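Undergrad: There's a structure below that I have some questions on.
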Amino acid sequence: MIEGNPQPLAIAARVLKPDSLAAVRGLGDFSLRGWGILDRWALNSPEALRCLESEGEVVLLGRLLEQQRIEQRAIDRQPVGMPELEALAIAKVQLELNGPNGVAAILEGKALRRDALVQAVNDAQPADLEAAAQRIKAVLRKSPNDGPRQRLRLVPRD
0 MIEGNPQPLA
10 IAARVLKPDS
20 LAAVRGLGDF
30 SLRGWGILDR
40 WALNSPEALR
50 CLESEGEVVL
60 LGRLLEQQRI
70 EQRAIDRQPV
80 GMPELEALAI
90 AKVQLELNGP
100 NGVAAILEGK
110 ALRRDALVQA
120 VNDAQPADLE
130 AAAQRIKAVL
140 RKSPNDGPRQ
150 RLRLVPRD
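Numbered per numbering that gives the first Met the number 0, the sequence shown spans residues 0 to 157.
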């Protein structure tokens, strides 16, 4: 339980490494809502948050950005004046890192899909692999009508 009115990211500072916390603070993509989400995760699921952090800064920041987007969308879709927690409950938003959409479940799903892909590649005939590679290359080839590629920048500009 949170007592008083702690500063944003005060709880997360007790769980995350200083570099991770600096990355969250340094990005303009995170709102006060994102900082609150991180504090909630740190309070309710500190081990799961450390596990997420151990996967890398990009994974942590990406998961936090996604959660912020999901929660904001759920809140925006509800009538004005509805409490945020009620709006999130109505939208059935998973608030914690643990659970069916938690870090452990996501990592387990990724491992299962990776193993299935490796098995499929090992079982495939060389001609099938070459044909699939050519189709992928054709899709990824840049069309002359496309504009310049945009890159996601995850570090603050100086």
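Ideal placement from N, C-alpha and C gives every residue a C-beta, glycine not left out. For clarity, every value in this text was computed on a predicted model and none was experimentally measured.
Do you know how far the Cα of V138 is from the Cα of A131?
TA: 11 angstroms
Undergrad: Decide if the region 106 to 121 is in contact with the region 57 to 66; the criterion is three or more beta carbon pairs, one per stretch, under 8 angstroms apart.
TA: no
Undergrad: Tell me whether the beta-carbon of Q71 lies closer than 8 angstroms to the beta-carbon of R32.
TA: yes
Undergrad: Exposed or buried, what is A11 when buried is set at 16 or more other beta-carbons lying within 10 Å of its beta-carbon?
TA: buried
Undergrad: Thinking N121 and A47 are a contact (beta carbons under 8 angstroms), I'd like their distance in whole angstroms, please.
TA: Rounded, the Cβ-Cβ distance is 33 angstroms, inconsistent with contact.
Undergrad: Comparing alpha-carbon positions, which option in V14, L26 and V57 lies nearest W40?
TA: Of the listed residues, the one whose Cα sits closest to W40 is V14.
Undergrad: Does DSSP put I69 in a helix, in a strand, or in coil?
TA: helix
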